[in-house]
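*Asks:*
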Amino acid sequence: MKTINFKNAKKLLVLALVGTLGLTGCNKFLDVNENPNNPETATPSLLLPTVEAAISQVVGNSFQVYGNIWGQYWTQNPTSSQYRSIDRYQVLNTAMDRSWLILYRSALNNAELIINSNEAANDNYKGIAYLLKAYTFQVATDAFGDIPLSDALKANGNLNPKYEAQEVVYDSIFNYIDKGLALLATQQAIPVSSQDMIFNGDLDKWKAFANTLKLRAYLRISNVDANKAAAGIKALYAKNAVFLDEDVSITYTTTGGNENPFYNEMVGLGKTQNVVASGTVVQAFVKNNDPRRFSFYNKLSGQDTIAFILQGDFNDNSAKLVSSPSALVGGRAVDPTSATAPVKLFSAAESKFLQAEAVVKGWGTGDAKALFESGITTSFTATGNASDVAKYIAEAPDAKFTGDVEAKVKAIITQKYYAMCGFQGFESWTEWRRTGYPTFFTTSIASTLGAGRMPLRMPYANSEATSNTNYPGNIVIYTPVWWDVK
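Position 210 of the sequence shown, counted from 1, bears residue number 211 in the working numbering, the numbering being contiguous throughout.
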């Protein structure tokens, strides 16, 4: 994982402005994007960190909150109220306006400006931009389903972009990844270097990012189009693809405006601790005697205990002391070390689990059990629990890797769920939607959806309903997206 050097003033400005957008809803980003029809002012080296910071702002704040609550790592603190509507599955379209704006205007539009730039010798910038475009479109379509695609990034050329089917979006994602890899094939004379806040211009790492993103995307559609997924993954392995073996993240500082985006929002809200430990995951951790729970959550003072409430049970526990997510994941409002917690776009553990699933399904090559255990080991190491991993693999009920293909997939996704706790809430909730694992989720006690219903997508932004004549209409959040067929 790369730690960012924020002495570069341009980077500091990028994160401060995007962070301000995430907190206040300000519509101003950088001057280079005030008029998207003037690409001659869109310097790729200046735009790249803007794209990276914007993606991290969404994945690390708003989608992080939704994912961690709907993924039942966190629940609303009984003594506060900020996220009660999320725990109730009662989300207004207006709640999506900010995230939609950041994804499309700051991340995708600026990536498109890089791709369309006429500046000489910037193919490597364009390659990275294509990969970030693919990543962002996957995040957006996994959240909302059908979304604007081919008409969406034409600036003032089309103010009413049509919505395209999620299947089409996924085809485009694979296409963007291939274009990105082609543009990264040759190192250019002017390196990307320090303007890249993720890999510092290391093209080999970006290629591993591309391969891992493609693997993730093919597995995402594997239940709805197994033939396409199988062919795509087999083609990856036939080319001896190298996958990620480190986290893909941005690490923040304690400087105002450049903190972890979720922590930054908590500071803006008066350091109110709005989320606490959900009994869903804590009880599963306890069942497995998993020491990582003490890394993901804070113990009660003087006790070796993580206190929790059941998902959505905030109304009946107003007097109960409940553990908060730890500073390690950026979730503790009163701990300034939360400010430096990374936002993980990928984790090394996730990469191992993706590879294990590909092998189990017969589409990849390698030792599935070794990859499965490597994913667990990587997570234990990342959370400071490396000395406990052998005992856990030997004894934890959910660490058994036996049975048929489906049993092994269940083990892989369940362990991925544990590894993503607090860090990758949106991705974990998305994997639960795809696979149905883990199987121990419960409906929020505060749910307003009716018996047995769970949130399976995010609502479209209200800004689309009021400004886009091609808006497809509201879709209730318990409607599955295209690839969610289990």
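No residue lacks a Cβ here, since even glycine has one placed at the ideal position from N, Cα and C.
(1) Starting from PHE286, trace the alpha helix (DSSP H) in both directions and tell me its first and last residue.
(2) Could you name the residues of the same chain whose beta carbon sits closer than 6 Å to that of LYS411, not counting the 5 residues immediately before and after it, in chain order?
(3) Mapping DSSP to helix, strand and coil, what is GLN304?
(4) Check this for me: beta carbons of PHE145 and TYR461, under 7 Å apart or not?
(5) Count the other C-beta atoms from every protein chain shown that fall within 10 angstroms of the C-beta of GLY23, then say buried if there are 16 or more, exposed otherwise.
(6) Identify the continuous beta strand (DSSP E) that holds VAL360 and give its terminal residues.
(7) Taking the continuous alpha helix (DSSP H) assigned at SER429, which residues delimit it?
(8) Inspect the CB distances between the segment 184-198 and the segment 109-128 and report whether three or more fall short of 8 Å.
(9) For the alpha helix (DSSP H) containing GLN77, list its first residue and its last residue.
(10) Got a sec? Which residues, its chain only, sit under 6 Å from ALA112 by beta carbon, not counting five neighbours each side?
(11) For ALA242 and ALA209, I'd like the C-alpha separation in whole angstroms.
(12) The beta strand (DSSP E) with SER327 in it runs from where to where?
(13) Along the chain, where does the beta strand (DSSP E) that runs through SER250 open and close?
(14) Between which two residues does the alpha helix (DSSP H) containing ASP172 stretch?
(15) Determine the burial state of ASP88: buried for a count of at least 16 other Cβ atoms within 10 Å of its Cβ, exposed for fewer.
(16) Compare the Cα-Cα distances from THR384 to each of TRP483, GLU465, ILE199 and ASP248 and report the closest residue.
(17) Give the straight-line distance between the Cα atoms of LYS321 and PRO79, rounded to the nearest whole angstrom.
(18) Could you give the C-beta distance for PHE427 and GLN65, rounded to a whole number, given that I count them as a contact under 8 Å?
(19) Considering ASP88, what are the terminal residues of the alpha helix (DSSP H) in which it resides?
(20) Assess contact between the segment 365-375 and the segment 266-285, defined as three or more Cβ pairs (one per stretch) separated by less than 8 Å. Is contact present?
(21) What separation, rounded to the nearest whole angstrom, lies between the Cα atoms of ILE446 and LYS240?
(22) Pick helix, strand or coil for TYR136, following the three-state DSSP scheme.
*Replies:* Looking at the atomic coordinates:
(1) Per DSSP, PHE286 belongs to the alpha helix (DSSP H) from 280-288.
(2) Contacts found: TYR438.
(3) Here GLN304 sits in coil by DSSP.
(4) The Cβ atoms of PHE145 and TYR461 lie closer than 7 Å to each other.
(5) Summary for GLY23: the model assigns pLDDT 42, below 50, so the residue's position carries little reliability, and this model does not support an answer.
(6) Unbroken run through VAL360 is the alpha helix (DSSP H), 349-361; no beta strand (DSSP E).
(7) Boundaries of the alpha helix (DSSP H) around SER429: 426-436.
(8) Between the segment 184-198 and the segment 109-128, the count of C-beta pairs closer than 8 Å reaches three or more; the two stretches touch.
(9) Taken as a continuous stretch (DSSP letters only), GLN77 belongs to no alpha helix (DSSP H), being part of the beta strand (DSSP E) at 75-77.
(10) Cβ neighbours of ALA112 beyond the five flanking positions: VAL52, ALA130, LEU133 and LYS134.
(11) ALA242 and ALA209 have their C-alpha atoms spaced approximately 8 Å apart.
(12) Premise fails: SER327 is in no beta strand (DSSP E) and is neither H nor E.
(13) 249-251 is the extent of the beta strand (DSSP E) around SER250.
(14) That run of the alpha helix (DSSP H) goes 167-184.
(15) ASP88 should be labelled buried.
(16) Ranking the options by Cα distance to THR384, first place goes to ASP248.
(17) In this structure, the alpha-carbon of LYS321 lies about 8 Å from that of PRO79.
(18) The pair is a contact, with the Cβ atoms about 6 Å apart (cut-off 8 Å).
(19) It spans 85-88 - the alpha helix (DSSP H) in which ASP88 sits, taken as one unbroken run.
(20) Fewer than three pairs of CB atoms, one per stretch, sit closer than 8 Å, so the segment 365-375 makes no contact with the segment 266-285.
(21) Take the alpha-carbon of ILE446 and the one of LYS240: they are about 49 Å apart.
(22) Here DSSP, grouped into helix, strand and coil, assigns TYR136 to helix.
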